[in-house]
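Quick note: the sequence shown, position 105, residue 105 per the working numbering, numbers continuous.
From the three backbone atoms N, C-alpha and C, an ideal C-beta is built for every residue, glycine too.
Remember, predicted model here, so these are calculated numbers, not experimental data.
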Amino acid sequence: MIILEQLLILIGFGLLGHLVSLLVPLPGLILSMMFLFLALKFKWLKPERVGLLSNQLMAISGMLFIPMIVGILEYWEQVQSVIIPFLLVVTLGTLAPLMITGFVLEWMIKRQDAREVREIKLGK
Numbered sequence: 001m002i003i004l005e006q007l008l009i010l011i012g013f014g015l016l017g018h019l020v021s022l023l024v025p026l027p028g029l030i031l032s033m034m035f036l037f038l039a040l041k042f043k044w045l046k047p048e049r050v051g052l053l054s055n056q057l058m059a060i061s062g063m064l065f066i067p068m069i070v071g072i073l074e075y076w077e078q079v080q081s082v083i084i085p086f087l088l089v090v091t092l093g094t095l096a097p098l099m100i101t102g103f104v105l106e107w108m109i110k111r112q113d114a115r116e117v118r119e120i121k122l123g124k
């Protein structure tokens, strides 16, 4: 029953992102992840409410790439002519968000640390 509740919460964020994407020119999946992040960041949603399902989805995430790989193999003759640009795009498309996420996380941690140091100096 816990998994069903967590699934409904994640589906709710997905639906929210989709509905908002009808009003703004951003993909619904991006908006959904942003809303989920904000809900967790501002403690509107506790991590325990979605943690179990999230961990299970992460454990099987590799299997989610199987249909894409099968599709590439099925159309290999057409893909073969553009494999180098394809690999370049996939590599950059993976590394760029990873690096940007790392920089943003590092910036957020430094900002949080600076705030804590300021609070200590002010005696709060």
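(message) For I69, tell me which candidate among S21, S54, L87 has the shortest Cα-Cα distance.
(response) Within the sequence shown, residue 69 is the residue found at index 69, counting from 1. For I69, the closest alpha carbon among the candidates S21, S54, L87 is that of L87.
(message) Going by beta-carbon coordinates alone, are L16 and F35 separated by less than 7 angstroms?
(response) As a first step, residue 16 is located in the sequence shown; it is residue number 16 there, counting from the start. As a first step, residue 35 is located in the sequence shown; it is residue number 35 there, counting from the start. Yes, these two residues count as a Cβ contact at 7 angstroms.
(request) Apply the 10 Å Cβ neighbour rule to F37 and answer buried if 16 or more other Cβ atoms are within range, or exposed otherwise. (result) On the sequence shown, position 37 is the one that residue 37 refers to. Result: exposed.
(request) Provide the residue span of the alpha helix (DSSP H) that contains G28, from first to last. (result) Within the sequence shown, the letter at position 28 stands for residue 28. Note, G28: alpha helix (DSSP H), 28-41.
(request) Decide if S175 is buried, meaning its Cβ has at least 16 other Cβ atoms within 10 Å, or exposed. (result) A query on residue 175 cannot be resolved here, the shown segment of the chain reaching from 1 to 124 and no further.
(request) Confirm, please, whether the CB-CB distance from Q6 to V50 is below 7 angstroms. (result) Within the sequence shown, the letter at position 50 stands for residue 50. Within the sequence shown, the letter at position 6 stands for residue 6. With contacts defined by Cβ atoms closer than 7 angstroms, V50 and Q6 form a contacting pair.
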